[in-house]
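In the working numbering, the protein residues as written are 11 to 88.
Below you'll find the structure, written out as structure tokens, and then a few comments.
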């Protein structure tokens, strides 16, 4: 049975502009840990932050990041 939670950039992880790579990683780690503590076995990550997107895009304004947050979160071990 799927128990899903959606993590929102700006609320659950990557909570402000100018965060260091280490701070972003810590925020993702905490968000995933919190989701697991709520018995989630599926996590959806929102990919927008304000008026920007958190992935490579030619058609949307991109947030300037030092880390690929989606890749980092996807590679986290159980």
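Ideal placement from N, C-alpha and C gives every residue a C-beta, glycine not left out.
All figures in this text were calculated on a predicted structure; none of them were measured in a lab.
Check: Alpha carbon of residue 43 to alpha carbon of residue 79, nearest angstrom; Outcome: 16 angstroms
Check: Endpoints, the alpha helix (DSSP H) within which residue 31 is located; Outcome: 31 to 47
Check: Paired residues, beta bridge with residue 53 - DSSP; Outcome: 15
Check: DSSP state of residue 23 mapped onto helix, strand, coil; Outcome: strand
Check: Rounded C-alpha distance that separates residue 49 from residue 64; Outcome: 26 angstroms
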